[in-house]
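See structure below.
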Amino acid sequence: MRLQPPAFAVVLLASAAFGQRHVSIPVPSAPSGSPAQIESDVYGSGERGVILARGGRFNKESWRKQAEALARAGFLAVAIDYRGDTVNKDGSDAENAADVLAAASWLRAQGAKSVSGIGASLGGDAVGEADAQSGDGAFDSVVFLGSEGGGNPSKLKGRKLYIVARHDTSGDGPRLTGISKCYAQAPEPKKLVVLRGAAHAQFLFDTAQGPQVMNEILRFLQAK
1 MRLQPPAFAV
11 VLLASAAFGQ
21 RHVSIPVPSA
31 PSGSPAQIES
41 DVYGSGERGV
51 ILARGGRFNK
61 ESWRKQAEAL
71 ARAGFLAVAI
81 DYRGDTVNKD
91 GSDAENAADV
101 LAAASWLRAQ
111 GAKSVSGIGA
121 SLGGDAVGEA
131 DAQSGDGAFD
141 SVVFLGSEGG
151 GNPSKLKGRK
161 LYIVARHDTS
171 GDGPRLTGIS
181 KCYAQAPEPK
191 KLVVLRGAAH
201 AQFLFDTAQG
211 PQVMNEILRF
221 LQAK
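Each residue of the sequence shown is one higher than the last, beginning at 1 in the working numbering.
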C-alpha cells in the first residue's frame, strides 16, 4: 500500500515550486545617487520569462495570485517594484522603463529564451516604453491592462494584447478612447479585448471577469 504524503507536505511542496522568493535586481543605467537596484518577487522556473509591472496603487506583492498561475503554467515570473518606491516617489516613465529593461536582462541571465511584459496602468506605460526602447527581440510579447502602453505605440515590437473595461474612466474620460488610438497606431500582431464594467487594470482580477482576464493572458503568452 502506497502512503500518501500529509496535506501540509503537499502545500509545502507547492509553495517551494511556485511560491515567491525575493531577488534584488541591479539597474546598470541608474544615475549616480539614485537607487541602483529594484526589489522583486520571483515565482516558478523555466525558459519563458514574464515581467509583472504593477499599477500606481499597488506593489509587487499584489501580483501573487497571477504570478502563481503563471508559475503553474511553466513560466518564470518576476513581479517588480520600481526604484522610486524605495524613496517614496513615483518614477518617470523613462525610469520605470529602465527598471523593466533591467528585469528583462535578469530573466535572460537566468536562461529565459523568451521574455514577455505585463503592465497594469502606469506599469503598462513602463512596459511599453521599455519595449519601444529595446532592440528587436528583447520582448516577445507585451500585455497592457487598462493602459495605453506608453507614448510610442508605433515603435512597439512583437505581439501585443490590450485589455480594458469599457467604462474604465480617468479624469480625462473613458480610457478606452486613448487605448483605442494607441492600439490603432501599434503594428501587427495585436489584439484588443474590451470587457464589461468599469474596473481599472489590476482591479479586473477582483471582478467576476477575473478568470477570463487570466485565461486571455495565458492563451496569449502561450501562443506562438
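The beta-carbon is built from N, C-alpha and C at its ideal position, and this holds for glycine as well.
Looking at C-alpha atoms only, which residue of Lys60, Gly44 and Arg108 is the closest neighbour of Ile38?
-> Lys60
Below 8 angstroms on the Cβ atoms is my guess for Gly128 versus Leu156; work out the distance and round it to an integer in Å.
-> 6 angstroms
Give the secondary structure of Ser170 by DSSP, where H, G and I count as helix, E and B as strand, and everything else as coil.
-> strand
Stretch pair the segment 71–82 + the segment 132–141: three plus CB contacts closer than 8 angstroms = Contact fails: fewer than three Cβ-Cβ distances are below 8 angstroms.
What's the call for Gly119, buried or exposed, on a 16-neighbour Cβ count within 10 Å?
-> Gly119 should be labelled buried.
Sequence-distant residues of the same chain with beta carbon closer than 6 angstroms to Ile159, five excluded per side | The residue asked about is misnamed: residue 159 is Arg in this sequence, not Ile. By the criterion of a C-beta distance shorter than 6 angstroms, Arg159 is surrounded in its chain by Ser141 and Pro189, once the five residues flanking it on both sides are discounted.
Between which two residues does the alpha helix (DSSP H) harbouring Val142 extend?
-> Looking at the DSSP string, Val142 is not in any alpha helix (DSSP H); the run it does join, the beta strand (DSSP E), is Ser141 to Leu145.
Ala195 (DSSP reduced to helix, strand or coil) | Checking the sequence, you will find Leu at residue 195 rather than Ala. Correct three-state label for Leu195: strand.
Backbone CA spacing between Ala130 and Asn96 [nearest angstrom] | 8 angstroms
Of the residues Glu148, Glu216, Ala112 and Lys224, the one placed nearest Lys181, counting alpha carbons only | Glu148
May I ask you to report which of helix, strand or coil DSSP gives Pro211?
-> Here Pro211 sits in helix by DSSP.
Backbone CA spacing between Leu36 and Trp63 [nearest angstrom] = First, the residue type needs correcting, since residue 36 is Ala and not Leu in the sequence shown. If you draw a straight line from the Cα of Ala36 to the Cα of Trp63, it comes to about 23 angstroms.
Where does Val194 land, buried or exposed, given buried means 16+ other C-beta within 10 angstroms?
-> exposed
Beta-ladder partner(s) of Arg64, from DSSP = None; Arg64 has no bridge partner.
Pro174 to Leu52, Cα distance in whole Å?
-> 24 angstroms
Which value, in whole angstroms, describes the spacing of the CA atoms of Gly33 and Val27?
-> In a straight line, the C-alpha of Gly33 is about 13 angstroms away from that of Val27.
Are the beta-carbon atoms of Ile179 and Glu216 separated by less than 8 angstroms?
-> no
Roughly how many angstroms lie between the CA atoms of Val143 and Tyr183, to the nearest whole one?
-> Cα to Cα, the separation comes out at about 12 angstroms.
Which one or two residues does DSSP pair with Gln185 in a beta bridge?
-> DSSP, once it has assigned bridges, lists no residue as partnering Gln185.
Give the DSSP-derived three-state secondary structure of Ala94 in the structure shown.
-> helix
Flag this pair as yes or no: are the beta carbons of Gly56 and Leu76 separated by less than 8 angstroms?
-> In this structure, Leu76 does not lie closer than 8 angstroms to Gly56 by Cβ.
Reduced DSSP category for Gly135 - H, G, I as helix; E, B as strand; rest coil = coil
Express the C-alpha separation of Thr177 and Arg166 in angstroms, rounding to a whole number.
-> 9 angstroms
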